[in-house]
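>
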Amino acid sequence: MAATLDVGVIAELQGLGQDISFLDKGTDGTIPTATTGRQYRTLATADADEVLDYGDISTATCIIIRAVTNDLDIDLDYSASFDVDLTIKAGEVPCVIPNPAGITRVKNNGVGETPVYEVWVIGTT
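Numbering (my numbering), first residue to last: 139 to 263.
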């Protein structure tokens, strides 16, 4: 049986005069052949961006990332210099990045910090 990746989103809002729920589930339409598994990483050097390690994966089809300590900036399409596309707040909701295009790099959001983050990359070899 071929591998599949389904990602679900559940959001519930309460207390603004009504209760609202958003439930959705989807797939990226590819057949993953590899995963890094869930890994905890620490930014090696404060105030310096670094490539997000894909391990043996040559094409990422999904990245799930959560900042454990300190906020984390992400550049989803690194070219010549780091340009923040997304900031993940420490301890808050994990971010799901489907089909990232280009080189993904991470950097601390606060000066002098070396964030710990949890990452799971799914894709093909």
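Virtual Cβ for every residue (Gly too), placed ideally from N, Cα, C.
(1) Would you say the segment 252-259 touches the segment 187-206, given that touching needs at least three Cβ pairs under 8 Å?
(2) Flag this pair as touching only if the segment 174-186 and the segment 146-159 have three or more C-beta atom pairs under 8 Å; answer yes or no.
(3) Among the candidates Thr142, Thr171, Thr180, whose CA atom is the shortest distance from the CA of Lys163?
(4) Looking at the structure shown, is Tyr192 part of a helix, part of a strand, or coil, going by DSSP?
(5) Which term fits Ala239, buried or exposed, when burial requires 16 or more other beta carbons within 10 angstroms of its beta carbon?
(6) With DSSP collapsed to three states, give me the class of Arg176.
Reading from the atomic positions:
(1) yes
(2) no
(3) Thr142
(4) coil
(5) exposed
(6) coil
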